[in-house]
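Using the numbering used here, the letters of the sequence shown map in sequence onto residues 24 to 221.
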Amino acid sequence: MELNGAVWKTSTSKIFSGVLLFSLSGIVGGLFAVILALSGSLGAALWIGVLTGIATILGYVLYLMGLGELQGILQGEDASAIGKVKLAAILLIIGACVSVLFSIVPLLGTIVGSIISGILNIVGCILCVMAFAQLKKSTTFPATALSGVSKLYVAYLLNLIGYGLMLTVILAVVAPILNLVAFIMILIGWAGVKNAQV
Numbered sequence: 024m025e026l027n028g029a030v031w032k033t034s035t036s037k038i039f040s041g042v043l044l045f046s047l048s049g050i051v052g053g054l055f056a057v058i059l060a061l062s063g064s065l066g067a068a069l070w071i072g073v074l075t076g077i078a079t080i081l082g083y084v085l086y087l088m089g090l091g092e093l094q095g096i097l098q099g100e101d102a103s104a105i106g107k108v109k110l111a112a113i114l115l116i117i118g119a120c121v122s123v124l125f126s127i128v129p130l131l132g133t134i135v136g137s138i139i140s141g142i143l144n145i146v147g148c149i150l151c152v153m154a155f156a157q158l159k160k161s162t163t164f165p166a167t168a169l170s171g172v173s174k175l176y177v178a179y180l181l182n183l184i185g186y187g188l189m190l191t192v193i194l195a196v197v198a199p200i201l202n203l204v205a206f207i208m209i210l211i212g213w214a215g216v217k218n219a220q221v
């Protein structure tokens, strides 16, 4: 099947921009929240968390829109795999919303929100691992895109391992390192898919 190059470019650009927005807003928000909390500005830290949470949600919406457009030009197994990534994105949006809403309630709300969000993240990662394993076998994706898909597969596998390690207190120190490597690989992977010549 011949892929529509223009739709490929616009959809994968939205996907990449969404990934960048939700990833960086989470990182920046986390850093500012810690700095403000340590300086005694708990109210400001709360609002930074809420604002970056909203930016994270907007990033996921952009990501989801791009995935929908990409799925529209694909057929068969490829469209099915992108459908799994879309479902994972919906779960991640719900997790981000839960996290933002529950963070307004100090301590208990944050803990409950983190648990619910964490479970949704794990399920989302499992769906992404399954989807990218399926897309690695695509016969319609260009070679550059397949290379990006392979990186995305490994990245979500690392994220999944990281979530598992966070459950064990001793190995929780390794999880942020795995998550950082996964974050970089996700950006590189989607950049590879975005920059593929279709």
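Just so you know, even glycine gets a beta-carbon here, dropped at the ideal spot from N, CA and C.
Since the model is a prediction, treat every value here as computed from it, not as a measurement.
Could you tell me if residue i is buried or exposed, where buried requires 16 or more neighbouring beta carbons within 10 angstroms of its beta carbon?
{"i": "residue 131", "result": "exposed"}
{"i": "residue 116", "result": "buried"}
{"i": "residue 128", "result": "exposed"}
{"i": "residue 162", "result": "exposed"}
{"i": "residue 71", "result": "buried"}
{"i": "residue 34", "result": "buried"}
{"i": "residue 198", "result": "buried"}
{"i": "residue 79", "result": "buried"}
Note the first and the last residue of the continuous alpha helix (DSSP H) segment covering residue i.
{"i": "residue 109", "result": "99-126"}
{"i": "residue 133", "result": "131-158"}
{"i": "residue 171", "result": "166-189"}
{"i": "residue 202", "result": "197-217"}
Taking the Cβ atom as the reference point for each residue, do residue i and residue j lie within a distance shorter than 9 Å?
{"i": "residue 178", "j": "residue 208", "result": "yes"}
{"i": "residue 93", "j": "residue 41", "result": "no"}
{"i": "residue 216", "j": "residue 38", "result": "yes"}
{"i": "residue 188", "j": "residue 175", "result": "no"}
{"i": "residue 145", "j": "residue 183", "result": "yes"}
{"i": "residue 29", "j": "residue 104", "result": "no"}
{"i": "residue 61", "j": "residue 67", "result": "no"}
Between the alpha carbons of residue i and residue j, how many angstroms are there, rounded?
{"i": "residue 32", "j": "residue 64", "result": "43 Å"}
{"i": "residue 156", "j": "residue 106", "result": "13 Å"}
{"i": "residue 108", "j": "residue 149", "result": "10 Å"}
{"i": "residue 211", "j": "residue 54", "result": "23 Å"}
{"i": "residue 203", "j": "residue 44", "result": "16 Å"}
{"i": "residue 164", "j": "residue 186", "result": "30 Å"}
{"i": "residue 89", "j": "residue 152", "result": "19 Å"}
- Task: Assess, as a yes-or-no matter, whether the region 99-113 is touched by the region 63-82 under the definition of 3 or more beta carbon pairs within less than 8 Å.
- Result: The region 63-82 is not in contact with the region 99-113.
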